Amino acid sequence: MAESQDTSFLLKGRMLTLMVFELHNPNIVQLAMKLREHMAQAPNLFKNSPVVLDLTPLQDGLKVVDFPALVSLLDNHGLTVVGVAGGNEQQRAAAAKARLALFAESTGRGTGEPAKKEPPAAAPEAEAPAPEAKPEPEPVKDMVVRQTVRAGQQVYARGGDLIVEATVNEGAEVVADGDIHVYGPLRGRAMAGARGRGDARIWCQNLDAELVSINGIYRTRDDIDPALLGKPAVIEVLNDKMTIRALG
Amino acid sequence: MTKILVVTSGKGGVGKTTTSASIATGLAQRGNKVAVIDFDVGLRNLDLIMGVERRVVYDFVNVINGEANLHQALIKDKRVDGLFVLAASQTKDKDALTEEGVKKVFDELTADGFDYVICDSPAGIEKGAQLAMHFADEAIVVSNPEVSSVRDSDRMLGLLASKSHRAIHGMEPIRQHLLVTRYSPVRAEAGEMMSVEDMLEILAVPLLGVIPESHAVLNASNAGQPVIMDKASDAGQAYEDAVARLLGEERPLRFMTAEKKGLFGRLFGK
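Line by line, the protein sequences are chains H and Z. In terms of my numbering, the first sequence has 125 at position 125, counting the first letter as 1, and numbering is strictly consecutive. In terms of my numbering, the second sequence has 1055 at position 55, counting the first letter as 1, and numbering is strictly consecutive.
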């Protein structure tokens, strides 16, 4: 890790997980409609999320991408475009003109190799965001949900805790990068520490969940001690093992 | 002001069409001008329940496609004043419905001074169901006292709150009601069915009514007469109560407790 001596800033090479927005159709109007549909399902899924636009699906065609329009459209939906990956020369030039960072590689296994004239020996996607567009460290914001979370709905508190004041019904899913608190009955699925926080916890007033998960370690309802069902409980992971204990 | 009311459920066979027919009839009987529209394109049923199946010339899709005007397609009920039926097409597929087309029909009904438009939604959460609820001001979610039906209703309530016109445009939310149908007090007491309390606890919307499981419903369907017109029947009276509550009246719940078996029943009981 290379650190500058100057104390006014530090340069660090860090691996960041970024969401990839694979663009299949650059038509802004159609995209806007699709996004709206998508967001209607899970309105808070993307809150100030940095994304990389993957142009790989478009690079063989002659499609022109209107980057300024695309960036503002995605921005309206809580997606901050930090750069592009893949794409042909014209597309990448247009992206650069729109002040987007150019990532070296296409993000997925993709089709064939993407544009080659890149800053040499760039480690794919890991360090690239640093130079131009800083993926601003989003302030950690907790999310409070007051209404019943219903079957088929998903609520995701990105980067923070999720507090649900009502019921999480069967078939609903509540997800947080931090902790989850549920003050009504928890009957659906709850996943805390979704992006790798093993010390995340789930508190609930009435444990009746279909599934609880912390950092990928999970337990389904059948595996929850029946004596704990219907009771206030805290769910945590200790020594890589999920423990559920009654509260109060 | 025209009120658009969708009758929906997610799950099929719970009583959406029966409910649409009875609520529409009940509202018209109270002096409202009402159109009831079958959104189940390809599987039309409402015309049968309303007893107008032999008078269908043009349908909803014809109007949307401009092949007929609304007045040609609206079938006037012969029993109740101010009640009109717009049948679904049986030959077209559900892609024939479009948001613009539906809006056009609603605009015309509004201009015509209709008080209520009742949209009988198809089962499922596909396009037909989404269009049926899209422009709704109020929604009646029909649910049977049974877990899968309740879960599907929950899903519908979620969609109403997120995918409807009102939700997308940040308007005042759709007013939602729960209508429990096919309720059998005996089976609920025996624990074979969910209780209304359990359903309300999960779905968390105001209760519009509880329609008891009743032979009258089947008889009414066969006769092509909305069950609300069978004033002597328990189901008919329960729908009458639901219509009253929809209009803001307070009515106590009826038909909620199992009838005590009399001596005769005890002697010859099942």
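Cβ coordinates follow ideal geometry from the N, Cα and C atoms, glycine included. Remember, it's a predicted structure, so these values are computed and weren't measured experimentally.
My output table needs one value for residue i: the three-state DSSP class, helix, strand or coil.
i                 : result
Met33 (chain H)   : helix
Val1252 (chain Z) : The amino acid occupying residue 1252 (chain Z) in the given sequence is Pro; Val does not appear at that position. Three-state DSSP puts Pro1252 (chain Z) in coil, outside helix and strand.
Pro185 (chain H)  : strand
Val1217 (chain Z) : helix
Tyr1058 (chain Z) : coil
Gly1015 (chain Z) : coil
Ala2 (chain H)    : Unreliable positioning characterises Ala2 (chain H) in this predicted model, as indicated by a pLDDT of 48, which lies under 50. A coordinate reading is not provided.
Asp1198 (chain Z) : helix
Asn1032 (chain Z) : coil
Ser8 (chain H)    : coil
Lys1076 (chain Z) : strand
Ala1111 (chain Z) : helix
Glu165 (chain H)  : coil
Gln59 (chain H)   : coil
Phe1106 (chain Z) : helix
Phe1135 (chain Z) : coil
Pro50 (chain H)   : strand
Leu1159 (chain Z) : helix
Met19 (chain H)   : strand
Glu89 (chain H)   : helix
Ala172 (chain H)  : coil
Val144 (chain H)  : strand
Asn206 (chain H)  : strand
Ile1125 (chain Z) : coil
Met1193 (chain Z) : coil
Arg158 (chain H)  : coil
Val65 (chain H)   : coil
Gln1237 (chain Z) : helix
Glu236 (chain H)  : strand
Thinking C-beta only, is residue j closer than 8 Å to residue i?
i                 : j                 : result
Leu1005 (chain Z) : Glu1099 (chain Z) : no
Phe1060 (chain Z) : Leu1086 (chain Z) : yes
Arg1155 (chain Z) : Ala151 (chain H)  : yes
Gly198 (chain H)  : Gly178 (chain H)  : no
Pro1252 (chain Z) : Met1194 (chain Z) : no
Leu186 (chain H)  : Leu207 (chain H)  : yes
Arg146 (chain H)  : Glu165 (chain H)  : yes
Val175 (chain H)  : Ala194 (chain H)  : yes
Leu1159 (chain Z) : Leu1178 (chain Z) : no
Gln1090 (chain Z) : Val1141 (chain Z) : no
Ile1174 (chain Z) : Ala1136 (chain Z) : yes
Val51 (chain H)   : Leu18 (chain H)   : yes
Val1062 (chain Z) : Ala1073 (chain Z) : According to the sequence provided, residue 1062 (chain Z) is Asn. The question's Val does not apply to it. Their beta carbons are under 8 Å apart, which means Asn1062 (chain Z) touches Ala1073 (chain Z) by this criterion.
Cys1119 (chain Z) : Ala1132 (chain Z) : yes
Val1041 (chain Z) : Ala1088 (chain Z) : yes
Ala233 (chain H)  : Arg219 (chain H)  : no
Val1180 (chain Z) : Met1199 (chain Z) : yes
Leu202 (chain H)  : Ile217 (chain H)  : In the sequence under discussion, the amino acid at residue 202 (chain H) is Ile, which differs from the Leu named in the question. Cβ distance not < 8 Å, so Ile202 (chain H) and Ile217 (chain H) don't count as in contact.
Thr1008 (chain Z) : Ala1161 (chain Z) : no
Val1036 (chain Z) : Leu1043 (chain Z) : no
Gln1225 (chain Z) : Gly1101 (chain Z) : no
Ile1211 (chain Z) : Tyr1239 (chain Z) : yes
Gly1082 (chain Z) : Val1034 (chain Z) : yes
Ala85 (chain H)   : Asp54 (chain H)   : yes
For residue i, count the other beta carbons within 10 Å of its own beta carbon; 16 or more makes it buried, fewer makes it exposed. Which is it?
i                 : result
His1134 (chain Z) : buried
Ser1148 (chain Z) : exposed
Glu236 (chain H)  : buried
Ser8 (chain H)    : exposed
Ala93 (chain H)   : exposed
Met191 (chain H)  : buried
Gly1113 (chain Z) : exposed
Pro57 (chain H)   : buried
Thr243 (chain H)  : exposed
Asp1152 (chain Z) : buried
Thr1017 (chain Z) : buried
Asp1095 (chain Z) : exposed
Arg158 (chain H)  : buried
Quick one: which chain H residues come within Cβ less than 7 Å of residue i?
i                 : result
Ile1202 (chain Z) : Asn169
His1154 (chain Z) : Residue identity check: residue 1154 (chain Z) is Asp in the sequence provided, not His. Correct list: Arg150, Ala151, Asn169, Gly171.
Leu1157 (chain Z) : Arg150
Ala1151 (chain Z) : In the sequence under discussion, the amino acid at residue 1151 (chain Z) is Arg, which differs from the Ala named in the question. Ala151, Glu170, Gly171, listed in chain order.
When you compare the CB of residue i with every CB in chain B, is at least one pair closer than 8 Å?
i               : result
Arg36 (chain H) : Looking at the structure shown, chain B is missing, and the protein chains on hand are H and Z.
- Closer than 7 Å, Cβ to any Cβ of chain Z: which residues of the region 168-187 of chain H, in chain order? Asn169, Glu170, Gly171
Using a Cβ-Cβ cutoff of 9 Å, what residues of the region 1166-1198 of chain Z are near chain H? List them in chain order. Ala1167, Ile1168
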